[in-house]
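Comments concern the structure below.
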Amino acid sequence: MDKRSLSVETARLVVRPFMKSDYHNWLHENMNKLPSQHKYDIGLQDMSECTEFWFHNMIDQQNIMMNSDEVYIFGIFLKQTGAYIGSVDFSTLMRLNFHWGRVGYTLNNTHWRQGYGKEAVRGALKIAFEKINYHRVEAHINLDNTPSIKLAEGIGMKYECTRKGFINENGKWTDNHVFYMNAEDYY
1 MDKRSLSVET ARLVVRPFMK SDYHNWLHEN MNKLPSQHKY DIGLQDMSEC TEFWFHNMID
61 QQNIMMNSDE VYIFGIFLKQ TGAYIGSVDF STLMRLNFHW GRVGYTLNNT HWRQGYGKEA
121 VRGALKIAFE KINYHRVEAH INLDNTPSIK LAEGIGMKYE CTRKGFINEN GKWTDNHVFY
181 MNAEDYY
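In the UniProt record's numbering, the protein residues as written are 1 to 187.
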């Protein structure tokens with residue numbers, strides 16, 4: 001699959017696979033985050049191990065996962081300035097007769113409350129349904145992650161259920177709400 005075809009522009013954003021040339025932009029934005037604002041916000045981190053060589057290897061690994069239809073990782077960039085502000089990822093859960101994927105998203109905390117998250121994920125779903133050819137995309141959200149729940153609801157994902165002991169996080173099994181969207185719901 002051609003990486004260049006896996007991009008979308010929205011009114012204010014470009015959502016596309018990372019390129020090796022994104023390193024300095026990516027590093028700058030990650031070094032200028034605010035401290036963590038809540039338990040689901042990574043916030044400011046030690047970036048000393050994130051060298052350009054490390055970043056290039058990360059991009060190579062992302063390309064391998066994308067080419068094997070396992071994981072697709074997209075950077076979110078402001079259209080006007082090109083600044084990196086977050087990421088959206090899709091994991092293929094099953095193909096065969098399902099064409100089923102999972103979506104994850106994160107927005108740098110310096111860019112919250114401006115509608116970028118909803119705009120980026122809604123745009124990325126276009127890639128998921130039209131280019132990656134998923135039929136169904138799910139978001140698996142911790143029960144107390146209110147911002148993520150609001151984002152899923154805000155882009156039209158529907159609550160399906162709560163799965164008990166669904167995801168192992170930090171050595172313990174956590175319950176997750178499942179929100180979904182099928183391809184026909186997107187259009």
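C-beta: ideal position from N, C-alpha, C; glycine also.
Remember, predicted model here, so these are calculated numbers, not experimental data.
Backbone CA spacing between F90 and P17 [nearest angstrom]
Their Cα atoms are separated by approximately 11 Å.
CB of F74 within 9 Å of CB of A124, strictly:
yes
* Asked: Are A11 and K79 closer than 9 Å when you measure CB to CB?
  -> Contact flag set, yes.
Do you know offhand how far C161's Cα is from D175's? 10 Å
Alpha carbons only, please: which of L107, E70, G82 and E9 is nearest the one belonging to M94? E70
### Message
Quick check on H111: does DSSP put it in helix, strand or coil?
### Response
Three-state result, H111: helix.
With which residues is R16 paired in a DSSP beta bridge? G75
Notebook entry, point to check: Can you name the start and end residues of the beta strand (DSSP E) that G86 belongs to?
Noted result: Y84 to M94
> Measuring CA to CA, which of V137, G165 and L143 is closest to G156?
Replying inline: Considering only alpha carbons, the answer is V137.
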